[in-house]
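Trainee:
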Amino acid sequence: LVLTVTQMLRKHGVVGKFVEFYGDGLDSLPLADRATIANMSPEYGATCGFFPIDAITLEYMRLSGRSDDLVELVETYAKAQGMWRNPGDEPVFTSTLELDMGDVEASLAGPKRPQDRVALGDVPKAFAASAELELNTAQRDRQPVDYTMNGQPYQLPDGAVVIAAITSCTNTSNPSVLMAAGLLAKKAVTLGLKRQPWVKASLAPGSKVVSDYLAQAKLTPYLDELGFNLVGYGCTTCIGNSGPLPEPIETAIKKGDLTVGAVLSGNRNFEGRIHPLVKTNWLASPPLVVAYALAGNMNINLATDPLGYDRKGDPVYLKDIWPSAQEIARAVELVSSDMFRKEYAEVFEGTEEWKSIQVESSDTYGWQSDSTYIRLSPFFDEMQAQPAPVKDIHGARILAMLGDSVTTDHISPAGSIKPDSPAGRYLQNHGVERKDFNSYGSRRGNHEVMMRGTFANIRIRNEMLPGVEGGMTRHLPGTEAMSIYDAAMLYQQEKTPLAVIAGKEYGSGSSRDWAAKGPRLLGIRVVIAESFERIHRSNLIGMGILPLEFPQGVTRKTLGLTGEEVIDIADLQNLRPGATIPVTLTRSDGSKETVPCRCRIDTATELTYYQNDGILHYVIRNMLN
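Each residue of the sequence shown is one higher than the last, beginning at 747 in this note's numbering.
This is how it looks when you write it as structure tokens:
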């Protein structure tokens, strides 16, 4: 259901919209399912997705241990404000879509975008047709690679599922799907099915309550048996914190140049996000994650092919171990309000290790010059008490020319740091061993790491270097390929402003602040795209970067851009929200073309931020005044 809604809304186009869910189907949709759908709003592009308050909302509040007084207050307030849902009400909307929940079928989404829903039976075809396979026609002939692990010989096939993760975001506080995963695991173990040996499985619930009700239902041992051991509560595989694969598996993938997959129950599967060696990433419900751990291969059709074989050697199909609605309902009945009260009562206590940390009190933070985690950022260097007039952009060079659906993961990855990357070399030069690199996300308090990680996604494709993957570009007018960071530093020495050119949906995905901070530190002053995702557009303005949109029907391709053009944008002191801005392109042969772009500073407040060189300067100036 969630993936169907995501596909439907992304196709319709809801960027900048408030999406309200209504209709008779809400009467049978539990709050946990509603929360899962609403939590996908960044994936379908809306400002928010919401369900009006009704009796089902109050029922969940009681279940989760809220007091009767609070429940009564919410009901009274919602009704007084006209926010209460009465069955049969038909609110007025600017546009509507209709979905018959009876038409929803088992699905995954992938291999690289949440909106690319694929019916369960079509997954093998979608895997075969994925972009990575099309890039290399020899891929279809890839043979399994022999490897040895724990003294046992195995073969790693092309299409292997090497990561199966029930992750903390999106739906792992949803009792019905977690219980379904546990029940499926129980049936599989009872029949003698095992997780394929190359699958790295994990369970990271969204709440300690999940652990409580899985244990109460006596399902934890079966998940453990299949490798879905508790690894923690919080961001894990879904943000790139899966950790390394076993060394023999990584070696086999590299040796055979295999295209392998990850199946996870999170909400984002963008390129390079889950693991550097995993080229295809698939979103699925928790029970399907368990099923793919059993099958171990994206080429297996779970709708028709056996997942494995029982102790007698008979084939076992997904339908044989899929729990019934009645079984799931009986398990969900074990979830009690006492579980919520118990866990929430101590939610801010922390572990003994946390409590034992020694903390020194001071009025200001004590910066450590040798820290590779937290460093004083340069965002306020040379800031004046009053904002200077906005400078025009003259002689800007294009740092990167990118395609459609460039995500914030492409711009500022949060996962592992490669040793041969600019960030990896920085850490090594500061005495950090490879095993201690941690991730970009963990080092986001160090601008030196984060600016080196900007556009460092291993799957990003800069059209200025055809056929090359990774954060590479050219330092123009030269032809030599180098890292985007190194080129940006050369441009800074030359005092050359920078631009980025892109296609549709630039900045989709996570609302990652470093996807705007990093470009700012690289010297990027303008991003010109066919369209922007709402949050990232706002973040660019917040860092003093000008977002411009090509006019309808005009793209980098229709203009014949090569990335060698020089960009000039004048009269920025008189900028107005939504104004048409002439952008002059000077080509390598000296010819000029002016393109009337739309200023995507949409409000007077955003213009004020931009004129202050970003929201950080604006806030500090307000404090000083």
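Ideal placement from N, C-alpha and C gives every residue a C-beta, glycine not left out.
#1: Do the region 1005 to 1025 and the region 969 to 986 make contact, defined as three or more Cβ pairs closer than 8 Å?
#2: Would you identify the three-state DSSP class for D770, choosing helix, strand or coil?
#3: How about L1248 and V1152: do their beta carbons lie closer than 9 Å?
#4: Measuring alpha carbon to alpha carbon, tell me which of I1366, G1059 and A1008 ends up nearest L1034.
#5: Can the beta-carbon of R784 be found closer than 9 Å to that of F767?
#6: Just to confirm, are S988 and I909 a CB contact at a threshold of 9 Å?
#7: What is the residue span of the alpha helix (DSSP H) that L924 lies within?
#8: Please determine, among T1308, D1317 and T1242, the residue with the shortest C-alpha to C-alpha distance to D1335.
#9: Could you tell me which residues DSSP puts in a beta bridge with C1345?
#10: Does DSSP put E1311 in a helix, a strand or coil?
#11: To the nearest angstrom, report how far apart T842 and F1126 are at their CA atoms.
#12: Could you give the residue range of the beta strand (DSSP E) that holds D892?
#13: Is the region 1176 to 1183 touching the region 1228 to 1245 in the sense that three or more CB pairs, one from each, lie closer than 8 Å?
#14: Among the residues of its own chain, which have a CB less than 7 Å from the CB of T1351, if the five just before and after it don't count?
#15: Assuming T1330 and T1340 make a contact with CB atoms under 8 Å, what is their CB distance in whole Å?
#16: Using alpha carbons as the reference points, say which of L1122, G1217 and D958 lies closest to S1158.
#17: Which of the three DSSP states is assigned to I1163 in this structure?
#18: Mark E880 as exposed unless 16 or more other C-beta atoms lie within 10 angstroms of its C-beta, in which case mark it buried.
#19: Can you tell me whether P1168 is buried or exposed? The criterion is at least 16 other CB atoms within 10 Å of its CB, across all chains shown.
#20: By Cβ distance, which residues of its chain are closer than 8 Å to R859, with the 5 residues on each side in sequence left out?
#21: Return the bridge partner residues of Y1252 from the DSSP annotation.
#22: So, helix, strand or coil for I1287, using DSSP?
#23: Terminal residues of the continuous beta strand (DSSP E) containing R1220?
#24: Quick one: any contact between the region 1062 to 1069 and the region 930 to 938, if contact means 3 or more CB pairs under 8 Å?
#25: Leaving out the 5 sequence neighbours to the left and right, which residues in its chain are closer than 8 Å to R1143 when beta-carbon positions are compared?
#26: Would you tell me roughly how many angstroms separate the C-alpha atoms of G897 and L1053, rounded to the nearest one?
#27: Excluding sequence positions up to five away, which residues of its chain have a Cβ less than 6 Å from the Cβ of G1264?
#28: Taking the beta carbon of G1324 as the centre, do at least 16 other beta carbons fall within 10 Å, making it buried, or is it exposed?
#29: Quick one: which unbroken beta strand (DSSP E) runs of 3-plus residues sit fully inside the region 789 to 842? Chain order, please.
#30: Leaving aside the five residues before and after H1021 along the sequence, list all residues of the same chain whose C-beta is less than 6 Å from its C-beta, in chain order.
#31: Provide the residue(s) that pair with T1026 in DSSP beta bridges, ordered along the chain.
#32: In three-state terms, what does DSSP make of Y979?
#33: Can you give me the Cβ contacts of V761 inside the same chain, cut-off strictly under 6 Å, excluding the 5 residues immediately before and after it?
#34: DSSP beta-bridge partners for N1175?
#35: Who are the Cβ neighbours of T913 in its own chain at under 7 Å, not counting the five residues just before and after it?
#36: Based on Cα-Cα distance, which residue from I1139, H1156 and H1140 lies nearest to M1147?
Mentor: According to the structure shown:
#1: yes
#2: The three-state reading of DSSP puts D770 in helix, counting H, G and I together.
#3: Contrary to the premise, residue 1248 reads as Ala rather than Leu in this sequence. Going by C-beta atoms, A1248 is nearer than 9 Å to V1152.
#4: A1008
#5: For the record, residue 784 in the displayed sequence is Ala; it is not Arg. Result yes, Cβ atoms of A784 and F767 sit closer than 9 Å.
#6: yes
#7: P921 to L937
#8: T1308
#9: L1294
#10: coil
#11: 46 Å
#12: V891 to M895
#13: no
#14: none
#15: 5 Å
#16: G1217
#17: coil
#18: Low local confidence applies: a pLDDT of 47 at E880 is under 50, so the model's placement there is unreliable, and no value is given.
#19: It counts as buried.
#20: Taken in chain order, the residues that qualify are N1015, F1016 and S1151.
#21: F1278
#22: Annotated three-state conformation of I1287 is helix, per DSSP.
#23: M1218 to R1220
#24: yes
#25: Shown here for R1143: same chain residues with a beta carbon closer than 8 Å to its own, the five before and five after excluded, namely L1222, Y1237, T1242, P1243, L1244, A1245, V1312 and I1313 in chain order.
#26: 25 Å
#27: S1158, M1196, M1197 and T1200
#28: exposed
#29: 794 to 796
#30: S988, listed in sequence order.
#31: G1007
#32: coil
#33: G791 and R1280
#34: In DSSP, N1175 forms no bridge with anything.
#35: A950, T982, T983, C984, L1010, S1011 and G1012
#36: H1156
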